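Peer 1:
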Amino acid sequence: MNTLRITEVAQRLYSASNRDFCPWANRYVYWLKEPVGWFLVALIASLLVGTFLSPLGWSVAAGLATVIALGLGFPWLATRCVRCQLRPVETEVRERQRSALCFTVSNLLPLPITGLRVEGYFSAVDNCGPNNLPADCVLAVVPAFSRAQYRLPIRPEYRGHYPVAKPQICCSFPFGIWTARRHVEDCTPVTVLPLHIPLHSGVERVGSRWGEHGPGNRPSPHGDYQGVRDFRDGDSLKSIHWPQSARNDRLVVCERGGPQQQTIDLQLSTRRSSGSQACVRENLAWRVRVAASLAELLCARHVPFRLWIDSDRFAFPAGPEGARRALELLSVLPLDSNQDDSSGNLWAQAKAPTIRIHACSLGGAPLPEQTIVLEMITPGERMRSIATLGNSESHAACSRGVIDLDQDIAAQLDLLLAEADRASFAA
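Per this note's numbering, residue 6 is the first one in the sequence shown, and the count goes up by one each step.
#1: Evaluate TYR167 with the Cβ neighbour count: other Cβ atoms within 10 Å of its Cβ, from every protein chain shown; 16 or more gives buried, anything less gives exposed.
#2: Under 9 Å between the Cβ atoms of ILE362 and GLU333?
#3: When DSSP labels each residue in this structure, what does PRO40 get in the three-state scheme?
#4: Report the rounded CA-to-CA distance for ALA70 versus PHE108, giving the unit in angstroms.
#5: Quick one: Cα of GLU39 to Cα of VAL65, how far?
#6: From GLN231 to PRO325, what does the alpha carbon distance come to, in whole angstroms?
#7: Whether or not the segment 298-314 and the segment 272-287 are in contact is what I'm after, with contact meaning three or more pairs of Cβ atoms, one per stretch, closer than 8 Å; do they touch?
#8: What do you get for HIS246, buried or exposed, if any count of 16 or more other CB atoms within 10 angstroms of its CB means buried?
#9: Between PRO158 and ALA105, which are expected to be in contact by the criterion C-beta below 8 Å, what is the C-beta distance as a whole number of angstroms?
#10: In angstroms with no decimal places, state the Cα-to-Cα distance between ALA47 and VAL41.
#11: Helix, strand or coil, according to DSSP, for ASP419 in the structure here?
#12: Between the segment 80-94 and the segment 113-124, do at least 3 Cβ pairs fall closer than 8 Å?
#13: In three-state DSSP terms, what is GLN354?
#14: Would you give the residue range spanned by the beta strand (DSSP E) that GLY280 belongs to?
#15: Compare the C-beta of PRO40 with all C-beta atoms of chain B and state if any pair is closer than 9 Å.
#16: Mark PRO93 as exposed unless 16 or more other C-beta atoms lie within 10 angstroms of its C-beta, in which case mark it buried.
#17: Measuring only the C-alpha atoms, how far is ASP240 from VAL258?
#18: Short check: CB of ALA437 to CB of CYS304, under 9 Å?
#19: Threshold first: 3 residues or longer. Then list the beta strand (DSSP E) segments lying entirely within the segment 20-96, N to C.
#20: Using the beta-carbon count (16 or more within 10 Å), is PHE44 buried or exposed?
#21: Three-state secondary structure (DSSP) at ILE414?
#22: First and last residue of the beta strand (DSSP E) that includes GLY165?
#23: Using the three-state DSSP reduction, which class does VAL5 fall into: helix, strand or coil?
#24: Can you name the start and end residues of the alpha helix (DSSP H) that ALA463 belongs to?
#25: Within its chain, find whatever has a CB closer than 8 Å to the CB of LEU53; leave out the 5 residues flanking it on each side and keep chain order.
#26: Leaving aside the five residues before and after ASP411 along the sequence, list all residues of the same chain whose C-beta is less than 8 Å from its C-beta, in chain order.
#27: Who pairs with LEU144 in a beta bridge, going by DSSP?
#28: In its own chain, which residues sit with a C-beta less than 7 Å from the C-beta of SER177, not counting the 5 before and 5 after it?
#29: Quick one, which of GLU424, ALA415 and LEU421 has its alpha-carbon nearest LEU204's?
#30: Spell out the partners DSSP gives PHE236 in its beta bridges.
#31: Taking all protein chains shown into account, do 16 or more other C-beta atoms lie within 10 angstroms of the C-beta of LEU299, making it buried, or fewer, making it exposed?
#32: Taking its Cβ as the centre, do 16 or more other Cβ atoms sit within 10 Å of GLY327, making it buried, or is it exposed?
#33: Going by the DSSP bridge assignment, what does GLU13 pair with across the sheet?
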């Protein structure tokens, strides 16, 4: 508790020390953030010294004026006399997957350009201002009158569509007293999909297509013949077994059936967990990664499912197309958690096999940032876990597991899936 209080006090002091108390004065003082502002102040002081005190001030003013002219002129000229193209090698990559950007630069100057850098391609993951973006890559030198192509290594940390805003080419050579910036007009976006968690679950699930084996044989108007029974209202005339009907003097129909399966509800909560902003973002990122990996597993086994993001429901077809659409939907989720505390209670009573992914305790309180919860609910079965979900789902079997993000996540997921499969969760 003492550690938590000290952390909260430190965060409050940090927020207060970085608060902008006079935003109206920013446009008058922001020019001092660049070193050229202080050079201008020194130039004015040197001119005053040369005018009223000593001629030595004129020499200092001339030197400062030369430095300012070169420090302003060359970066401005360098950014205006180059033509840039920024294209990814792969238009779709995974989180933490190594890839590259093809950066093509055409230098129209008779001088080599030094210190040209690219900023802002992955700016959405950093809480930086437009003029304080981290450099994605820096080029040592671009030859004169040349067209060169460079491969810039990238390793995106979080999902999303990048760039959110147009990236910039920047240059502050030779003195670094001012940075000239210009947008890269020819830029191809890249989609960063959630990280894939390799699951080695050996469970046997039956898909949407009819199979010769598998759990869950149920009567249906399709499939193999299983026997005969009396006619019921709603039966098709095509299913009537006429010889048996004539022999028994009543209508007899053929009973058919085969392996079938219910649609699974995959529910993801974006409710905020406890911890700092960076830890909360990482926790939500892992929840999305777990949901994406489970969606890929279900699509690979041809299991029909519906994806719930808080209270929004999305249906996907089975197979690769469904997995692709689910990944694209999850990749556009905001990086930060939902601030609405009621978002975790928007799910209705489970009427189908359900997988819930969230970061809340049984009482609804947010869990620590290194843990997420995976609940697997089968309606209509007796309770088989010590966890209590309340009266709304008291007649459903629930398996509730806590995943520690500091441990092997894939192994924990495989264990939970194996436990659910033993209880015929997916059948």
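C-beta atoms are modelled at their ideal positions from N, C-alpha and C, and glycine is treated no differently.
Nothing here was measured: the structure is a model prediction, and the numbers come from that model.
Peer 2: Working from what's here:
#1: buried
#2: no
#3: helix
#4: 35 Å
#5: 20 Å
#6: 33 Å
#7: yes
#8: buried
#9: 6 Å
#10: 10 Å
#11: helix
#12: yes
#13: coil
#14: Note, GLY280: premise wrong, no beta strand (DSSP E); not H, not E.
#15: Any reference to chain B falls outside this structure, which holds one protein chain only.
#16: buried
#17: 8 Å
#18: The requested residue 437 is not part of the displayed model; the chain covers only 6 to 432.
#19: 87-93
#20: buried
#21: helix
#22: 165-167
#23: Nothing about residue 5 can be read from this structure; the chain reaches only from 6 to 432.
#24: With the chain running from 6 to 432 in the structure shown, residue 463 is simply not present.
#25: GLY62
#26: GLN375
#27: LEU121
#28: PRO80, GLY120, TRP183 and THR184
#29: ALA415
#30: In the DSSP output, where bridge partners are listed per residue, PHE236 has none listed.
#31: buried
#32: buried
#33: Bridge partners of GLU13: none, in fact.
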